[in-house]
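Quick note on numbering: our numbering labels position 116 of the sequence shown as 116, and the sequence is numbered without any gaps.
In this text, a Cβ means the ideal position worked out from N, Cα and C, and glycines have one as well.
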Amino acid sequence: MREQKTKARIPADPYGEEGLSLLREAVRGRMSEKRWRHTLGVEKKAAELAAVYAPEKTALLRAAALLHDLTKELPAEEQILLCRRFGVPVPQDCLESPKLFHSLTASLLIPEEFPLYADPALLQAVARHTAGHPRMALCDKLLYLADWIEDTRTFPACVKLRKDYDERIRTADTGEKRLAVLDKVMLRSFDLMIREILTEKRALALITVETRNALLRDRAERKNERKTHRHGSEK
Ligand SMILES: [Fe+2]
Ligand SMILES: [Fe+2]
1 MREQKTKARI PADPYGEEGL SLLREAVRGR MSEKRWRHTL GVEKKAAELA
51 AVYAPEKTAL LRAAALLHDL TKELPAEEQI LLCRRFGVPV PQDCLESPKL
101 FHSLTASLLI PEEFPLYADP ALLQAVARHT AGHPRMALCD KLLYLADWIE
151 DTRTFPACVK LRKDYDERIR TADTGEKRLA VLDKVMLRSF DLMIREILTE
201 KRALALITVE TRNALLRDRA ERKNERKTHR HGSEK
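Structural data, given as structure tokens:
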């Protein structure tokens, strides 16, 4: 693993423009050019999504985006060593699908290497950005979706999902409808991801299935609430 500790200047406000720009500089040397372009794309998309859903979380989401793939390019063996160093049991899901490792290991490494960003909401969003979680907070969902639909993604499923989100959000004229769009597009991302995993005959992490089931339940509850509300106002 590249030992490149951040001895950067300490910004007055880690989430201000100067702080984020120092963070950008510190993260840039830690990844390939392709991953870096993707990271900047996620930062931009996370800010766009925050403007729609949670403007007060914009800076936190931009920082989470800059850090989300910090360990993505490390080999599985190094990810295992990182888990051991932090005393975290190596998850079976990660051993079967090594792509899942980096969400966990980035969330472990951030407090050590970027202590200014050891915010629990940021770490949780990073930890949940690949396979999701059955109880995702709004910031978790926004980082997850930004990672899927950022503009440099050219994978057909990502292009499809980006188009789907853009079309649906255009006509969502209330906060409630915008949240429904978020969950609908997320559900679709899980469908696309699970289909791809099955086609490639890869192991399917239990948490991926649990997250999809939770999104289905939320959708059903939302429908029921709308029905009850309609019936209530008809009486
Ligand atoms: Fe990632
Ligand atoms: Fe990513």
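Out of curiosity, what's the CA-to-CA distance linking isoleucine 194 and leucine 187? The residue given as residue 194 occupies position 194 in the sequence shown. The residue given as residue 187 occupies position 187 in the sequence shown. For isoleucine 194 and leucine 187, the distance between alpha carbons rounds to 11 Å.
Do you know how far the Cα of proline 115 is from the Cα of valine 209? Position 209 of the sequence shown holds residue 209. Position 115 of the sequence shown holds residue 115. Going from the Cα of valine 209 to the Cα of proline 115 covers about 33 Å.
The alpha helix (DSSP H) that contains glutamate 73, what's its start and end? Residue mapping note: residue 73 aligns to position 73 of the sequence shown, counting from 1. Looking at the DSSP string, glutamate 73 is not in any alpha helix (DSSP H), and its letter there is neither H nor E.
Have a look at methionine 1 and lysine 177 and give me their C-alpha separation to the nearest angstrom. Looking up residue 1 in the sequence shown gives position 1. Looking up residue 177 in the sequence shown gives position 177. Low per-residue confidence applies at methionine 1: pLDDT is 49, beneath 50, and the placement is therefore not dependable, though the value from the model is reported in the following sentence. So the alpha carbons of these two residues sit roughly 44 Å apart.
Look at the Cβ atom of threonine 71, then the Cβ atom of threonine 105, and state whether they are nearer than 8 Å. Here the question's residue 71 lines up with position 71 in the sequence shown. Here the question's residue 105 lines up with position 105 in the sequence shown. It is a contact, given that the beta carbons lie within the stated cut-off.
Can you tell me which of Thr39, Leu23 and Ile207 puts its alpha carbon nearest to the alpha carbon of histidine 133? Sequence index remark: in the sequence shown, residue 133 carries index 133 (1-based). Per the Cα distances, Ile207.
Measure the alpha-carbon distance for aspartate 13 versus glycine 19 and round it to whole angstroms. Locating residue 13 in the sequence shown gives position 13, counting from the first residue. Locating residue 19 in the sequence shown gives position 19, counting from the first residue. Roughly 6 Å between the two C-alpha positions.
Taking the C-alpha atoms as reference points, what is the distance between threonine 58 and leucine 123? Locating residue 58 in the sequence shown gives position 58, where the first residue counts as 1. Locating residue 123 in the sequence shown gives position 123, where the first residue counts as 1. About 15 Å.
Please list, in chain order, all residues with a C-beta atom less than 6 Å from at least one heavy atom of ligand 2. His38, Val42, His68, Asp69 and Asp147
Return yes when at least one heavy atom of ligand 1 lies under 7 Å from the C-beta of serine 103, else no. The sequence position of residue 103 within the sequence shown is 103, counting from 1. Serine 103 Cβ: within cutoff of ligand 1.
I'd like the list of long-range same chain contacts for glutamate 3, defined as Cβ closer than 6 Å, with 5 residues on each side in sequence excluded. Taking the sequence shown and counting its residues from 1, one reaches residue 3 at position 3. Confidence at glutamate 3 is low in this model, with a pLDDT of 48, below 50, so its placement is unreliable and the value that follows should be read with caution. So no residue of the chain qualifies.
If you run the structure through DSSP and keep just helix, strand and coil, what is tyrosine 165? Here the question's residue 165 lines up with position 165 in the sequence shown. In the structure shown, tyrosine 165 sits in a helix (DSSP, three-state: H, G or I).
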